[in-house]
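Following: one structure in structure tokens, then a few remarks.
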Amino acid sequence: MQIKDTGLAFGVVTIICHWTGALLLPGFLLLALVTFAGSGSPTPEELATVTTLSFLSLLLFSFRIYWRLKHYHPMPLGGAKPVEVIVGRCVAFGLLVAGVVLPLILWAALSASGLPYVVFGLAFPSIWAQGETASLLLTILFWMGVTAFTLGFLLHLFGAYKHQIVLKDDAVFRLMGKRIEL
-11 MQIKDTGLAF
-1 GVVTIICHWT
9 GALLLPGFLL
19 LALVTFAGSG
29 SPTPEELATV
39 TTLSFLSLLL
49 FSFRIYWRLK
59 HYHPMPLGGA
69 KPVEVIVGRC
79 VAFGLLVAGV
89 VLPLILWAAL
99 SASGLPYVVF
109 GLAFPSIWAQ
119 GETASLLLTI
129 LFWMGVTAFT
139 LGFLLHLFGA
149 YKHQIVLKDD
159 AVFRLMGKRI
169 EL
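Laid out in structure tokens, this is it:
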């Protein structure tokens, strides 16, 4: 198995980063939902867990964007329509951008609320001035981003379903390391 992506197959770096991100970002967002939707303010331990996962997401998805821009992306399988390819790649890239932007918005919202952004026990500096209005607007922006990410993620899962169940091609298996001949 090769390290880098080629026109025919995904490399091991892309495969590992894809599946790690597929678990990390939805996990971080679900944990944020449970933590912040609960009654009262979150405990410092819960907040530290959410911020640490968001920071790891920020690092992973920043690397994924770099890797995606610097390496060939494999060609689509079968007779995919050009519109489907464009939409699929735009959704995939939008999910990558969400993995970078949502942790930054969370950091700004926590800073505006006066809450610490703690990663592995290390408190990061505030990136936004404290204020009730800013806190409210950034929190709304964060949850709007989570909603947009969720819709994009569902569209991405629909594409995987379509390839696996309807078209019965090997597109999903290709992201598990299977070598595919076009």
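Residues in the sequence shown are numbered consecutively from -11, following my numbering.
C-beta atoms are modelled at their ideal positions from N, C-alpha and C, and glycine is treated no differently.
Rounded to the nearest whole angstrom, the CA to CA distance from Val75 to Pro62 is 15 Å.
In the DSSP annotation of this structure, the continuous segment of the alpha helix (DSSP H) that includes Ala159 starts and ends at 159 to 162. Three or more Cβ pairs closer than 8 Å define a contact, and the region 48 to 58 meets that threshold against the region 80 to 89.
Val160 is positioned such that its CB atom lies closer than 8 Å to that of Ala148. Residue state for Ala96 is assigned as helix, using DSSP reduced to three classes.
Between the region 88 to 108 and the region 121 to 132, the count of C-beta pairs closer than 8 Å reaches three or more; the two stretches touch. For Tyr105, the enclosing beta strand (DSSP E) begins and ends at 105 to 107. In this structure, DSSP gives Leu110 an extended state, which the three-state scheme calls strand.
Secondary structure note for Pro14: its alpha helix (DSSP H) is the uninterrupted segment 0 to 25. If the five residues before and after Val79 are omitted, its C-beta is found closer than 8 Å to the C-beta atoms of Gly140, Leu143, His144, Gly147, all from its own chain and listed in chain order.
Within the same chain, Ala(-3), Phe(-2), Pro62, Leu65, Ile168 come within 8 Å of Arg162 by CB-CB distance, once the 5 residues on both sides are set aside.
By the criterion of a C-beta distance shorter than 7 Å, Val89 is surrounded in its chain by Gly133, once the five residues flanking it on both sides are discounted.
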